[in-house]
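Protein chains in written order, with this note's numbering: chain A, 12 to 414; chain B, 142 to 618.
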Amino acid sequence: MSTQVHANLTEEQVKQISEGLDEPEWLLETRLDALDALEGLEMPDVIRTPGRNWTNLYDLDFAGFVDPLNAAEEKDQVGPEEVEVMSIAEALDEREELVREGFGSVVDPEENYLTALSTALFSTGTVVYVPEGVDAEDVTVRTRMNSQSLFNYTLVVTEKSSSVTILERQTTGDEVDGERYYSGLVEIDAGENSNVQYGSLQNVDEETYTYTLKRGHADSHATINWIEGNVGSRLTKSSVETHLQGEGSESQIVGAFFGHNDQHFDVAARVWHEAEHTTADLVTRGVLDDDARSVYEGVQDVGSDAWDTSSYQRENTLMLSDESEADASPKLIINNHDTEASHSATVGQVDQQDLFYMTSRGVSPRMARNMLVEGFFVPVLEEIAVEEFRDDLSDLVAERLRE
Amino acid sequence: MSSDQDHLRETDSEARFEFKKEESSAFRAEKGDLDEETIRLISEDKDEPEWMLERRLRALRQFHAMPMPTDWPGQPDLSEVDIGQIVPYIRPDIDTRGGVDDWTDLPEEIQDTFDKLGIPEAEKNALSGVGAQYESEIVYQNMQERWEEKGVVFCDMDKAVQEHEELVKEHFMTNCVPASDNKFAALHGAIWSGGSFVYVPEDVTVEMPIQAYFRMNSEGMGQFEHTLIIAEENSEVHYIEGCSAPQYSEFNLHSGGVEVFVGENAHVQYSTVQNWSKNTYNLNTKRAICEREGTMEWISGSMGSKATMLYPSTILKGRGATDNHITIAFAGEGQNIDTGAKVYHNAPDTKSTIESKSISKDGGRTNYRGLVHISDGAENSSTSVECDALMFDNESTSDTMPYMEIEESKVDVAHEATVGKIGDEDVFYLQSRGLDDDDAKQMIVAGFIEPITEELPIEYAVELNRLIELEMEGSLG
Numbered sequence: 012m013s014t015q016v017h018a019n020l021t022e023e024q025v026k027q028i029s030e031g032l033d034e035p036e037w038l039l040e041t042r043l044d045a046l047d048a049l050e051g052l053e054m055p056d057v058i059r060t061p062g063r064n065w066t067n068l069y070d071l072d073f074a075g076f077v078d079p080l081n082a083a084e085e086k087d088q089v090g091p092e093e094v095e096v097m098s099i100a101e102a103l104d105e106r107e108e109l110v111r112e113g114f115g116s117v118v119d120p121e122e123n124y125l126t127a128l129s130t131a132l133f134s135t136g137t138v139v140y141v142p143e144g145v146d147a148e149d150v151t152v153r154t155r156m157n158s159q160s161l162f163n164y165t166l167v168v169t170e171k172s173s174s175v176t177i178l179e180r181q182t183t184g185d186e187v188d189g190e191r192y193y194s195g196l197v198e199i200d201a202g203e204n205s206n207v208q209y210g211s212l213q214n215v216d217e218e219t220y221t222y223t224l225k226r227g228h229a230d231s232h233a234t235i236n237w238i239e240g241n242v243g244s245r246l247t248k249s250s251v252e253t254h255l256q257g258e259g260s261e262s263q264i265v266g267a268f269f270g271h272n273d274q275h276f277d278v279a280a281r282v283w284h285e286a287e288h289t290t291a292d293l294v295t296r297g298v299l300d301d302d303a304r305s306v307y308e309g310v311q312d313v314g315s316d317a318w319d320t321s322s323y324q325r326e327n328t329l330m331l332s333d334e335s336e337a338d339a340s341p342k343l344i345i346n347n348h349d350t351e352a353s354h355s356a357t358v359g360q361v362d363q364q365d366l367f368y369m370t371s372r373g374v375s376p377r378m379a380r381n382m383l384v385e386g387f388f389v390p391v392l393e394e395i396a397v398e399e400f401r402d403d404l405s406d407l408v409a410e411r412l413r414e
Numbered sequence: 142m143s144s145d146q147d148h149l150r151e152t153d154s155e156a157r158f159e160f161k162k163e164e165s166s167a168f169r170a171e172k173g174d175l176d177e178e179t180i181r182l183i184s185e186d187k188d189e190p191e192w193m194l195e196r197r198l199r200a201l202r203q204f205h206a207m208p209m210p211t212d213w214p215g216q217p218d219l220s221e222v223d224i225g226q227i228v229p230y231i232r233p234d235i236d237t238r239g240g241v242d243d244w245t246d247l248p249e250e251i252q253d254t255f256d257k258l259g260i261p262e263a264e265k266n267a268l269s270g271v272g273a274q275y276e277s278e279i280v281y282q283n284m285q286e287r288w289e290e291k292g293v294v295f296c297d298m299d300k301a302v303q304e305h306e307e308l309v310k311e312h313f314m315t316n317c318v319p320a321s322d323n324k325f326a327a328l329h330g331a332i333w334s335g336g337s338f339v340y341v342p343e344d345v346t347v348e349m350p351i352q353a354y355f356r357m358n359s360e361g362m363g364q365f366e367h368t369l370i371i372a373e374e375n376s377e378v379h380y381i382e383g384c385s386a387p388q389y390s391e392f393n394l395h396s397g398g399v400e401v402f403v404g405e406n407a408h409v410q411y412s413t414v415q416n417w418s419k420n421t422y423n424l425n426t427k428r429a430i431c432e433r434e435g436t437m438e439w440i441s442g443s444m445g446s447k448a449t450m451l452y453p454s455t456i457l458k459g460r461g462a463t464d465n466h467i468t469i470a471f472a473g474e475g476q477n478i479d480t481g482a483k484v485y486h487n488a489p490d491t492k493s494t495i496e497s498k499s500i501s502k503d504g505g506r507t508n509y510r511g512l513v514h515i516s517d518g519a520e521n522s523s524t525s526v527e528c529d530a531l532m533f534d535n536e537s538t539s540d541t542m543p544y545m546e547i548e549e550s551k552v553d554v555a556h557e558a559t560v561g562k563i564g565d566e567d568v569f570y571l572q573s574r575g576l577d578d579d580d581a582k583q584m585i586v587a588g589f590i591e592p593i594t595e596e597l598p599i600e601y602a603v604e605l606n607r608l609i610e611l612e613m614e615g616s617l618g
């Protein structure tokens, strides 16, 4: 299997993008290498059972989506004074070493076809640098996509004993003809004893295909907490991942999605326990209406050196229509016996008894259903420490329920 | 532990499974003879009707056309499985057409083999009927008269092809397990031999289990028995299958096929305790189709083999049909047991439960691989999957890979899995009551697998416990 998108792409285009950002030679080389590698790379893994790919990325018309030289976006990237929030161009100018060390250190640019495509073509990005001991809240990155395709790159580096809260949002602005493609790679390098909260809320229009890979490395006693909200898009392939590399490191991945019409969400939450005394907690809740479809994969991989691991995962899907479809695969891969691990997944519909109870108290059936859906998201919302983010997500849910 | 019990363990368990016999055979297809000519020879040797030969030949073509399963996440390594190295068919040196129905008519070496396995005793004590397969053929089959009078049929598959041709023609690898299902189902379809045929007429309840025991004795052979169970409306039957093979240096291949047809409101329980030798690749296809209000129960203990790939599956075809799976896998050194369960909910009001337990130690690897599929329209269906893994040490691996495909909203689906090591506190507690470390752990394991053993007739429960004791002996601490 292979896709044809690279046939349209040229070194010239990549060089032009690189020049636009006034990039150093090494980054251009990395881009060109990624472009070269496209030919031999496969699409990212999707859940497969023999004979069936649950999300078929090979069918997508990447050649039609990708318009590398006309990327356009509006972007806000702000944060408090103590922390450096830079556009990728600024970061290359002011902190080249940091970018050079961080870029590609967590996500291999040539990991798969889409990461390589992103690396070759990204034109916008954000670097967040949190110096030692600094506590920073409210770093906000808003990206409004105004073009056919947009490739976005984010690097977060936290030094020892620092902490940061980052909220990212993706939306679409100016309309374009036909379908479009958004790709985002996020790398987090969390230093010793640092604490990163990274929330992301995707609400692009339903003509847009999105691919996002967010991955963090957690050093000793570091914490990386992810919040991943997916509401928009035609099709989303998203993976949120933490490698717990240092002793005592922790990660929580909280996911929420709400699909309607013919939306397709392929969401994954993955954690690798690679050191002793690490803890992970994966919570995902999704609601599907109309013809929407979800594929969830959760991975808890406990390495052979990961003594005294605690790892929990739960995923619940609520189906509101007969036409919707939900697939789930919570995987446990255990190579160390000194482990407490569990996972669970459920799929079900709105509880008829609850519905009956509420309608018998005079609530209309529609209203009752909406209240129950909002209630269904509460356990996930409760895990979101940042109020603004929690409100945004619950507003989006409420808005969709009103439709 | 008392010396009596020690004695029992040694003489009974070890001697039971590890002895081997000099080979002696009447007809032996040579290694690598997996071609049309061999298939024709086997079919001719069995005096089969033309349609069966045709099915075999078609399956052979499908086998050659299909790729090996290689791309499942975490599946056992099958690179060593070279079909060219398999002896596909061995007819033991006894006239097996129809088998013998008196144990003492069997050649002494075969009698002796099954005596050691305890089959005749079990037959006398607890079973409605028993069949015994040695190499590729059923050598003994007996059914208590009182069941025969009610029209229950229990015979070997070859005989069924002759005597119950219409039933077999209709059900044999047609709807349930077609040869096109997977590469090893195709292989099985081409060179199947032996196995059991069970037919239970309407409204008949067979109160005692029927048992078949499969024994591989020859080095480098493949065993491909086929089991076909047809339970008509309102009937009930419990079928038990046991398997073993001694240890050889070359690999053996077991690729059986099991098809179960559960009629309306019928109830079939299929129990198996398999303990293949640790050089055997156990690549089976087992499936049941369950009509309205029917119940299928799979009880499986997977102990032996080098690698197992086996996911008994049930298609809940009629409204209100039920499926229960209880499985236990035990992987020791060098073993990879990839097993689980599949359920297709294709009708409304269907229910399934899967309870899967695994134990891994000394570098063994267990996978739970499961699929629950709920089709659009299968409303008010419910399923619950529970996996528990117990690990003894850090060399072992345990993965759970459940898949859930839900196309219907009015359903109730739940999956849960836990993994843990043997509880130090529990061991301590038992030790403080005077048990030594090994016995304490054994007791915990026995408790862990109790949901399985309590579903089995006592002989099998005892056998399963003994096998686990044998696996655990001396390697704890």
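Backbone N, C-alpha and C fix where the C-beta goes; we use that ideal spot for every residue, glycine too. Because the structure is a prediction, the values reported are computed rather than measured.
The three-state secondary structure of Ile395 of chain A, taken from DSSP, is coil. DSSP places Phe367 of chain A outside any beta strand (DSSP E); the residue lies instead in the alpha helix (DSSP H), whose first and last residues are 363-370. Secondary structure of Ala379 of chain A (DSSP, three-state): helix.
Only residues of its own chain outside the window of five on either side were considered, and among them Ser184, Val302 have a CB closer than 7 Å to the CB of Met193 of chain B, listed in chain order. Of all residues in the stretch 298-315 of chain B, none is placed with a Cβ closer than 8 Å to any Cβ belonging to chain A.
Per DSSP, the unbroken alpha helix (DSSP H) holding Gln27 of chain A starts and ends at 22-31. Inside the stretch 132-200 of chain A, DSSP marks whole beta strand (DSSP E) runs of 3 or more residues at positions 135-141, 146-156, 160-169, 174-183, from first to last along the chain. In the three-state scheme derived from DSSP, where H, G and I count as helix and E and B as strand, His232 of chain A is classed as coil. In the three-state DSSP reduction, Ile478 of chain B falls in the strand class (E or B).
CA-to-CA, the gap between Leu43 of chain A and His271 of chain A works out to about 39 Å. Residue-level contact by beta carbon holds for His348 of chain A and chain B, with a gap shorter than 8 Å.
What Ala331 of chain B touches in chain A, judged by beta-carbon distance under 7 Å, is nothing: the nearest beta carbon there is about 20 Å away.
Restricting attention to A:Glu190, A:Ala267, A:Leu293, A:Phe268, the CA atom closest to the CA of Asn236 of chain A is found in A:Leu293. Annotated three-state conformation of Met298 of chain B is helix, per DSSP.
Taking the beta carbon of Glu285 of chain A as reference, no residue of chain B falls within 8 Å; the closest one sits roughly 14 Å away. Within chain A, the residues placing a beta-carbon under 7 Å from that of Glu546 of chain B are Asp338, ordered along the chain. In the DSSP assignment, Phe338 of chain B falls within the unbroken beta strand (DSSP E) covering 337-341.
Secondary structure at Lys582 of chain B: helix, using DSSP grouped into helix, strand and coil. Put simply, of A:Val358, A:Tyr69, A:Thr154, A:Asp119 the residue whose alpha carbon is nearest the alpha carbon of Ala82 of chain A is A:Thr154.
CA-to-CA, the gap between Val309 of chain B and Ser537 of chain B works out to about 43 Å.
C-alpha of Gly445 of chain B to C-alpha of Asn416 of chain B: approximately 4 Å in a straight line. Per DSSP, the continuous alpha helix (DSSP H) segment holding Met193 of chain B begins and ends at 191-206.
Approximately 5 Å separates the beta-carbon atoms of His228 of chain A and Gln256 of chain A; this is inside 8 Å, confirming the contact. Considered as a whole, the stretch 453-507 of chain B harbours 454-457, 463-472, 477-486, 492-501 as its complete beta strand (DSSP E) runs of no fewer than 3 residues, in chain order. With a cutoff of 8 Å on beta-carbon distance, Asp301 of chain A and Ser332 of chain A are scored as near each other. Exposed is the label assigned to Thr245 of chain B, since fewer than 16 other Cβ atoms lie within 10 Å of its Cβ. Phe533 of chain B reaches chain A at His348, counting residues in chain order whose Cβ is nearer than 8 Å.
Judged by their CB atoms, Val110 of chain A and Val139 of chain A are not nearer to each other than the 8 Å cut-off.
For Thr368 of chain B, the enclosing beta strand (DSSP E) starts and ends at 367-372. The beta-bridge partner set that DSSP reports for Asp540 of chain B consists of A:Ile344, B:Asn508.
Ser315 of chain A and Glu198 of chain A have their alpha carbons spaced roughly 25 Å apart. Chain order gives the chain B residues near Gly359 of chain A as Val552, Asp553, Val554, where near means a beta carbon separation below 7 Å. Secondary structure at Gln285 of chain B: coil, using DSSP grouped into helix, strand and coil. A check of alpha carbon separations from Tyr570 of chain B across B:Thr559, B:Glu557, B:Ile585 identifies B:Ile585 as the nearest. With a threshold of 8 Å between beta carbons, Ser337 of chain B makes no contact with chain A.
The straight-line gap separating the alpha-carbon atoms of His486 of chain B and Cys431 of chain B is approximately 10 Å.
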